[in-house]
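For the sequence shown, this note's numbering assigns the number 444 to the initial residue and increments by one for each residue that follows.
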Amino acid sequence: MHFNTNIKLLRKRKGRTQDDVAFALGMKRSTLSGYENLIAQPGIDTLIAFSKYFNVAIDTLIKVDLAALSESQLNQLERGYDVYIRGSNLRVLTTTIDSQNNENIELVGEKAKAGYTNGFADPEYIKVLPAFHLPFLSRNKKYRSFQISGDSMLPIPDGSYVTGEYVVDWNFIRSHQPYIILTREEGVVFKIAENKLKEEGKLALHSLNPLYEPYELHVDEIREVWKFVHYISSEMPEPNRERDQLSETVKQLQKNVQAIQMRLNL
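Here it is in structure tokens:
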């Protein structure tokens, strides 16, 4: 655990005294000194407070030896790009359970999506969302369903419900795979992700519909990430007319080749 050395390092890099930090966090200087000298251990509320103050993920404060990082990595960290980020800074997912203590799958419908952008971490908001279970999904993982809108992910139809598995470690986002992403400005988006977090601190997001241009999303804009599992829709996907036309062209070419071979064999 590197918490004590990390908070001391970050404090000094900010040019703050123990009195400065203690005052900002609403604690006694002796308490802060105890944390830095490994005399006292912080509780969850204290960890949250330090995470917010330094704008560094809790896992990073605890598990990563910041003194071993390069100057460029520390500069990135202090600018708000946590190169070891594994979720939101607090990484506390608000969720609900049923009477048997099983995780629910909460449903974020079209009308609820705007509120979800602000209420995703609010237990009072999450508990009023419709909830259900799917027997074919693992009970050891956390899922949530979102209703999508628009045609950017065709052939998945507008109004479909997409279910995602909660992603704790964003480093494990697989490029060219679909994800549901909660963003600061756009709200909930459903896209094919290209993971550039380690190199550039960004995700490149692509639509299945080629009419939509890809765009990049900085890690600071991301609130939650859910890996696509399946979707439910009352509509049949539109046929892929380009593929059907290509198939007909190939069949015609095969017939032409066969006709030529028959003439050559005469």
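Glycine residues also receive a C-beta, built at the ideal position from the N, C-alpha and C atoms.
Item                                                                                                                                                                                                : Value
Residues in the same chain with beta-carbon distance under 8 angstroms from T538, minus the five sequence neighbours each way, listed in chain order, please.                                       : E546, N547, E549, I569 and K585
Could you check what DSSP says for L640 in three-state terms: helix, strand or coil?                                                                                                                : helix
Is it buried or exposed for A511, if we count other Cβ within 10 angstroms and need 16 for buried?                                                                                                  : exposed
Whole angstroms is fine: what's the gap from N532's alpha carbon to T503's?                                                                                                                         : Any reading at N532 must be qualified, since the residue scores a pLDDT of 44, below 50, and its modelled position is unreliable; the value itself is stated next. Whole-angstrom Cα-Cα distance: 9 angstroms.
Given that a residue counts as buried once 16 or more other Cβ atoms are within 10 Å of its Cβ, and exposed if not, what is G607?                                                                   : buried
Please go through the same chain and pick out, in chain order, the residues whose beta-carbon is closer than 8 angstroms to the beta-carbon of N447, but skip the five residues on each side of it. : Y478, E479, N480 and L481
Could you check if A702 is buried or exposed, using at least 16 other CB atoms within 10 Å of its CB as the buried criterion?                                                                       : exposed
Does the distance from the C-beta atom of Y710 to that of I616 stay below 8 angstroms?                                                                                                              : The structure shown does not extend to residue 710, since the chain spans only 444 to 709, so no value can be given for it.
Distance, Cα to Cα, G458 vs R582?                                                                                                                                                                   : 47 angstroms
Looking only at its own chain, which residues have a Cβ that is under 8 angstroms from the Cβ of L648, when we skip the five neighbours before and after it?                                        : I624, V632, K634, I635, A636, E637, P657, Y658, E659 and L660
Decide if N652 is buried, meaning its Cβ has at least 16 other Cβ atoms within 10 Å, or exposed.                                                                                                    : exposed
Between E521 and the rest of its own chain, which residues show a CB-CB distance below 6 angstroms, the 5 nearest in sequence each way excluded?                                                    : none
Work out the CA separation of S476 and L536 for me, nearest whole Å.                                                                                                                                : 31 angstroms
Check whether the Cβ atoms of V605 and Y674 lie closer than 8 angstroms to each other.                                                                                                              : yes
Let me know the secondary structure DSSP gives T712 once reduced to three states.                                                                                                                   : The structure shown has nothing for residue 712, since the chain only spans 444 to 709.
State yes or no: is the C-beta of S650 within less than 8 angstroms of the C-beta of S595?                                                                                                          : yes
If distances are taken between C-alpha atoms only, which option among F579, Y496, G486 and R666 comes closest to K451?                                                                              : Y496
By a C-beta neighbour count over all protein chains shown, 10 Å radius and 16 as the cutoff for buried, is G530 buried or exposed?                                                                  : At G530, the pLDDT of 46 sits below 50, so the modelled position is not reliable; the number obtained from the coordinates is stated separately. Flag for G530 reads buried.
Within the continuous beta strand (DSSP E) that includes P621, where are the two ends?                                                                                                              : Q620 to T626
Keeping to the same chain, check which residues put their C-beta closer than 7 angstroms to that of A557; ignore five residues upstream and five downstream.                                        : G630
Kindly indicate which three-state DSSP category S588 falls into: helix, strand or coil?                                                                                                             : strand
Could you give the C-beta distance for P600 and E678, rounded to a whole number, given that I count them as a contact under 8 angstroms?                                                            : 4 angstroms
Secondary structure at F710, three-state DSSP: helix, strand or coil?                                                                                                                               : Because residue 710 is not part of the residues shown, which for the chain are 444 to 709, the question remains open.
Hey, could you find the ends of the beta strand (DSSP E) K570 is sitting in?                                                                                                                        : Here K570 belongs to no beta strand (DSSP E), and DSSP marks it neither H nor E.
H445 and L490 - do their beta-carbons sit closer together than 8 angstroms?                                                                                                                         : no
Spatial neighbours of S676 within its chain, please: CB distance less than 6 angstroms, with the 5 preceding and 5 following residues excluded, ordered by chain position.                          : P600 and S603
I need the straight-line Cα distance from L453 to F579, nearest angstrom please.                                                                                                                    : 46 angstroms
Here's the rule I'm using: 16 or more other beta-carbon atoms within 10 Å means buried, otherwise exposed. How should K645 be labelled?                                                             : buried
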